[in-house]
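Participant:
In the numbering used here, the protein residues as written are 16 to 135.
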């Protein structure tokens, strides 16, 4: 039964990764050089350098420090998902100014892509 579920593409873990992949594919068209995300999947599909958003958030703990770290790393796009928001709830408020550049949802899972203030 599990093999059948995996074959049909309804593996829950794969669904989340699929949303991350969609974000990366959209960012490929933007020619992003560096992407901050919890997972490297968007960066891989965009052909961009990955900046670990979870590590930046854990180290900074404040919006101004997060933004400074991301800008210093050359990040132009930030990918937020439900896991990073749960683990670092202040992250969304750091990006509250702009609306998401793109968002992908599947049931309760989501990925939102934000263009960092200094980007195009």
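Cβ coordinates follow ideal geometry from the N, Cα and C atoms, glycine included.
Are residue 100 and residue 115 closer than 9 Å when you measure CB to CB?
Facilitator: No, Cβ-Cβ distance for residue 100 and residue 115 is not below 9 Å.
Participant: Does DSSP classify residue 130 as helix, strand or coil?
Facilitator: Three-state DSSP puts residue 130 in a strand.
Participant: Ignore the nearest five residues each way along the sequence and tell me which others in residue 56's own chain have a CB closer than 7 Å to its CB.
Facilitator: 32, 35, 36, 39
Participant: Taking residue 82 as part of the alpha helix (DSSP H), name the residues at either end of that continuous run.
Facilitator: 78 to 87
Participant: Please classify residue 82 as buried or exposed, where buried requires at least 16 other C-beta atoms within 10 Å of its C-beta.
Facilitator: buried
Participant: Just to confirm my understanding: we take residue 134, look at its own chain, exclude 5 residues before and 5 after, and list those with CB closer than 6 Å. What are they?
Facilitator: In this prediction, residue 134 has a pLDDT of 40, which is less than 50 and means its spatial position is unreliable; what the coordinates show is noted afterwards. Excluding positions up to five away in sequence, the list reads 91.
Participant: From the DSSP output, read off the bridge partner residues of residue 116.
Facilitator: Under DSSP, residue 116 shares a beta bridge with no residue.
Participant: Helix, strand or coil, according to DSSP, for residue 49 in the structure here?
Facilitator: Strand, per DSSP.
Participant: Consult DSSP for residue 71 and reduce its assignment to one of helix, strand or coil.
Facilitator: helix
Participant: Under three-state DSSP, which class holds residue 100?
Facilitator: helix
Participant: Does the distance from the CB of residue 51 to the CB of residue 71 come in under 9 Å?
Facilitator: yes
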